[in-house]
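>
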Amino acid sequence: MTETQLQAAVAARIQELCTTFGIRPPSVSLDLTGATAGQALWPANHIRLNEVLLRENLAAFLAEVIPHELCHLWQRQLGKTDRPHGRVWQALMRRMGVEPRRCHRFDLASARTRRLRHFAYACACGPQSLSSRRHNKAQRGEALYRCRRCGQTLVRAP
Numbered sequence: 113m114t115e116t117q118l119q120a121a122v123a124a125r126i127q128e129l130c131t132t133f134g135i136r137p138p139s140v141s142l143d144l145t146g147a148t149a150g151q152a153l154w155p156a157n158h159i160r161l162n163e164v165l166l167r168e169n170l171a172a173f174l175a176e177v178i179p180h181e182l183c184h185l186w187q188r189q190l191g192k193t194d195r196p197h198g199r200v201w202q203a204l205m206r207r208m209g210v211e212p213r214r215c216h217r218f219d220l221a222s223a224r225t226r227r228l229r230h231f232a233y234a235c236a237c238g239p240q241s242l243s244s245r246r247h248n249k250a251q252r253g254e255a256l257y258r259c260r261r262c263g264q265t266l267v268r269a270p
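In structure tokens, the structure reads:
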């Protein structure tokens, strides 16, 4: 299935749900990566979808993921600020005829192409490891990380 066909299938499902339930239609992009299937960005009224998972699980995306993300936007459009997967969101999912589940159950083998690097750090307990994300924050001075056992601040190992 081409990207154009995928986008058409997604757009048709979103249009169907928005028309049926009176939801303001969002913009959509297929630029999400990693293990996340979808993401709703309510201030922008935008939905991001994982193209790899979408290709492999088209029927489940149309039946579950798109309603899941639309309900997040719908909740905000209704002025409800309940928790993201709270009672309001769950009620909206049921109204759409979808079982309210927080997480998908897709095979992630092909979606997890990017691995985080780890960097060597140390404390009084010995060697520790920080992910590239935490390492970068530490290097920029945005965060300090402490050992959970001894409480000492982790320092970059030579």
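If you're matching positions, the sequence shown starts at 113 in the working numbering and goes up one per residue. The C-beta atom is built at its ideal place from N, Cα and C for all residues, glycine as well.
1. How big is the Cα-Cα spacing for residue 254 and residue 229?
2. Out of curiosity, what's the CA-to-CA distance linking residue 204 and residue 122?
3. Assuming residue 236 and residue 266 form a contact by the criterion Cβ under 8 Å, report the distance between their Cβ atoms to the nearest whole angstrom.
4. Going along the chain, which residues of its own chain have a beta-carbon closer than 6 Å to the beta-carbon of residue 152, five neighbours each way excluded?
5. For residue 157 versus residue 144, is the C-beta spacing smaller than 8 Å?
6. Assuming residue 176 contacts residue 210 (C-beta within less than 8 Å), just tell me the rounded distance between them.
In short:
1. 19 Å
2. So the alpha carbons of these two residues sit roughly 20 Å apart.
3. Incorrect: roughly 10 Å between the Cβ atoms, too far for contact.
4. 159, 181, 184 and 185
5. Contact check for residue 157 against residue 144 fails: the beta carbons are separated by 8 Å or more.
6. 6 Å
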